[in-house]
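Asks: Please see the structure below; I have some questions.
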Amino acid sequence: MGEQESERLRALLRTRAQGVSASPDAVDDVRRRARRQDAVRRGGTAIVALAVLAVALPVGAAQLPMGDEGAVVLDDEPSAAGQVEGQAPPDEPREDDGDGANAEADEDGTGDTEPAEDGDGAGAHDAPASDAGDTDTPLAEWEPETCTDEAAGLEIRYPGDWETAELVDGTPCRLFDPEPIDVGEQATDDVDAAVVVDVLADDLDTFLERRGTEGAEVEHAEFEGREAVRIADEVADGGLLPQGTETLTWAVALDGDTTVVLSASDHPDRATFEAAREIVDGMAASVRPQRDAEEEAGCSAEDVERVAPAERDALPEPAAQTRTAILEASRACDVERLAELASAERFVATEGLHDPDPASTWRALEREGAEPLALLADLLAGPPAQVRQDGEIRYEWPLAFSYGSWDDIPAEEREAAQAHFDDEEIAHFRERRGTYLGTRVTITAEGEWIAFAPGEEAPGEEAPGEEAP
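Each residue of the sequence shown is one higher than the one before, starting from -4 at the first, in the numbering used here.
Set out below in structure tokens:
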């Protein structure tokens, strides 16, 4: 499927985010849901533990710090700031009709609620969706995975035993389900997932105005300072979902101009929806900008020692200034500043090819634990080789890169190289080129940073004149 099909899928996701959905073939859908129900029943402690999260969420929604293992943990005593509007404080009992529904049930005992009259006649009212539950329960059992959409600047967590799938255009973090999701072989309007996510270029108020909340149960929350709204609704008539379909939508303000929308519905299987509803509550609480995760993770280059002034002075002033700027940005984990320092036209990145967006590459590698910024800073902390290549003088780190044979590299420089590569990698270097073949950094004499990449190219001729240290 091409761009047109991808756009149709995006339109479907936007439609579902507003409480309606395409209706797939009933027989196939029921079969899929039956398999999901079995999967949920076999899911064990991971889904059960996450169900506890959803039950506790309305009380402590804003108090969801990440534990040492990366799991979400609820505070023992949620503060007023972390309390969902319309929810009784945790130390005050609230009336309940026994099944977790709002106490204002109708007289026929169905649990349907009468919409409260408000000032604008919309009929929306704030109402808690479930009991407070056990707020002391850590969620390590959830064993969450993190899904990252770099283009949208979004991170979201989901159960470790659930599946996620990219859209046909490669967009990640939009579909989540207990079973594998096969987007590529399905018609667009048959894409089915227990939880659907969309990222809209609207602020939260605009989304709510466009969606409408008449007759819905609306709760307001705040997740680490990000405003969020939970909308429990029922399809009245028309649309793509059958009348009476129960829907749940979370809208989370990612920033001032972007809203992340998570949605689920009970069509056609109620049991699957119960599991998805509890899980989407936890997923909504985990939504955060990608930069938040970077700052929380720290910087791999923080402990790299500064370069002595005497070593800096051995370089031409433009090259020395560039090296200093790169070192400072590396230690600060400022990938955006590093990207500004890189040559816009000929910077060679980690994979040995020109990279127009090296910041995203370094950011992803840092998250994966590859520590590219620590390597960058550590290489620049040592002495460079001075070479002439393509008619210009360049300075390349590490010094080992300038030697034609591994045996010719001074022992001190070999030890420095071996600090970053294991014996198998060193053996590969020697077999492939006979000498150092690891990552190199290249700055021209004019101060242009043109490479931070594997050293596949042979070094240039040594430049005449004063040798580099």
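Beta carbons are placed, not taken as given, at the ideal position from N, Cα and C, and that holds for glycine.
Report the residue ranges of all alpha helix (DSSP H) runs contained in full by the segment 360 to 439; include only those spanning at least 4 residues, in chain order.
Replies: Within the segment 360 to 439, the complete alpha helix (DSSP H) runs of at least 4 residues are 367 to 375, 406 to 413, 418 to 427.
Asks: Compare the Cα-Cα distances from Asp193 to each of Gly155, Ala147, Asp228 and report the closest residue.
Replies: The shortest C-alpha separation from Asp193 is found at Ala147.
Asks: Which partner residues of Trp245 appear in the DSSP bridge assignment?
Replies: DSSP, once it has assigned bridges, lists Arg225, Leu257 as partnering Trp245.
Asks: For a test of the three-state rule: what should DSSP assign to Asp250, helix, strand or coil?
Replies: It is a strand residue.
Asks: Buried or exposed, going by whether 16 or more other CB atoms sit within 10 Å of the CB of Ala422?
Replies: With fewer than 16 other Cβ atoms within 10 Å, it is exposed.
Asks: Taking DSSP as the reference, what is the three-state secondary structure of Ala119?
Replies: Residue placement at Ala119 is poorly supported in this model, since its pLDDT is 37, which falls under 50; the coordinates are not used for a value here.
Asks: Between Thr434 and Leu370, how many whole angstroms is the CB-CB distance? I'm expecting something under 8 Å.
Replies: Their Cβ separation, rounded to whole angstroms, is 6 Å, which keeps Thr434 and Leu370 in contact under 8 Å.
Asks: Below 8 Å between beta carbons: does that hold for Ala271 and Phe218?
Replies: No, these two residues do not count as a Cβ contact at 8 Å.
Asks: How big is the Cα-Cα spacing for Arg326 and Glu363?
Replies: Approximately 18 Å, taken between the alpha carbons.
Asks: Look up Phe218 in the DSSP assignment and give the residues it is bridged to.
Replies: Per DSSP, Arg221.
Asks: Give the single residue among Ala196, Glu419, Val247, Asp198 whose Cα lies nearest to the Cα of Arg221.
Replies: Of Ala196, Glu419, Val247, Asp198, the residue nearest in Cα terms is Val247.
Asks: Please report the straight-line C-alpha distance between His389 and Phe396, rounded to a whole angstrom.
Replies: Reading off the sequence, residue 389 comes out as Arg, not His. Their backbone Cα atoms lie some 13 Å apart in a straight line.
Asks: Between the C-alpha atoms of Pro311 and Gly155, what's the straight-line distance to the nearest angstrom?
Replies: Spanning the two alpha carbons is a distance of roughly 52 Å.
Asks: Going by Cα to Cα distance, which pick from Thr319, Glu241, Glu204 is closest to Asp232?
Replies: Checked all of Thr319, Glu241, Glu204; the closest Cα to Asp232 is Glu241.
Asks: Mind reading off the beta-carbon distance from Gly377 to Ala406? Whole number of angstroms is fine, and I expect it under 8 Å.
Replies: No, Gly377 and Ala406 are not in contact; Cβ-Cβ is about 14 Å, not under 8 Å.
Asks: When the distance is taken between beta carbons, is Arg152 closer than 8 Å to Glu140?
Replies: Against a cut-off of 8 Å, the Cβ pair of Arg152 and Glu140 comes out as a contact.
Asks: Give the C-beta separation of Ala334 and Ala354 to the nearest angstrom, bearing in mind that I take them to be a contact with Cβ-Cβ under 8 Å.
Replies: At roughly 4 Å, the Cβ-Cβ gap stays under 8 Å, so Ala334 and Ala354 are in contact.
Asks: From Gly207 to Val190, what does the alpha carbon distance come to, in whole angstroms?
Replies: Using only the alpha carbons, I get a separation of about 20 Å.
Asks: Measure the C-alpha to C-alpha separation of Ala196 and Pro284 and round it to an integer number of angstroms.
Replies: Going from the Cα of Ala196 to the Cα of Pro284 covers about 14 Å.
Asks: Can you tell me the Cα-Cα spacing of Met278 and Glu361, whole angstroms?
Replies: Approximately 23 Å between the Cα atoms of the pair.
Asks: Is Leu333 helix, strand or coil when you go by DSSP?
Replies: Reduced to three states, the DSSP call for Leu333 is helix.
Asks: So what does DSSP say about Trp357, is it helix, strand or coil?
Replies: Reduced to three states, the DSSP call for Trp357 is helix.
Asks: Can you tell me whether Ala414 is buried or exposed? The criterion is at least 16 other CB atoms within 10 Å of its CB, across all chains shown.
Replies: Its Cβ having fewer than 16 others within 10 Å, Ala414 is exposed.
Asks: May I ask which residues mark the beginning and end of the alpha helix (DSSP H) holding Val275?
Replies: Val275 -> alpha helix (DSSP H) spans 265 to 281.
Asks: Ala446 by DSSP, collapsed to three states: which one?
Replies: It is a strand residue.
Asks: Suppose the cutoff is 6 Å on Cβ atoms and the five residues either side in sequence are ignored; what does the same chain contact list for Glu161 look like?
Replies: Excluding sequence neighbours, Glu161 sits near Pro167.
Asks: Whole angstroms is fine: what's the gap from Pro313's alpha carbon to Glu441's?
Replies: Between Pro313 and Glu441, the C-alpha separation is close to 5 Å.
Asks: Report the option in Asp403, Gly386, Arg428, Leu374 whose CA atom is closest to the CA atom of Ala448.
Replies: Among Asp403, Gly386, Arg428, Leu374, the Cα nearest to that of Ala448 is on Leu374.
Asks: Whose C-beta lies closer than 7 Å to the C-beta of Thr317 among residues of the same chain, with five residues either side of it excluded?
Replies: If we look at Thr317 and ignore the five residues flanking it on each side, its Cβ neighbours are Leu336, Ile438, Gly442, Trp444.
Asks: Have a look at Thr254, Ser400, Ala324, Val382 and flag the residue whose alpha-carbon is nearest the alpha-carbon of Glu204.
Replies: Out of Thr254, Ser400, Ala324, Val382, Thr254 has the C-alpha closest to the C-alpha of Glu204.
Asks: Name the two residues that bound the continuous alpha helix (DSSP H) containing Ile321.
Replies: First-last of the alpha helix (DSSP H) with Ile321: 312 to 326.
Asks: Got a sec? Which residues, its chain only, sit under 6 Å from Ile404 by beta carbon, not counting five neighbours each side?
Replies: The answer, listed in chain order, is Ala395, Tyr398.
Asks: Can you give the Cα-Cα distance for Leu432 and Ile274, rounded to whole angstroms?
Replies: Those two C-alpha atoms are separated by around 47 Å.
Asks: For Asp164, which of helix, strand or coil comes out of DSSP?
Replies: Looking at Asp164 - three-state DSSP - the assignment turns out to be coil, as it is neither helix nor strand.
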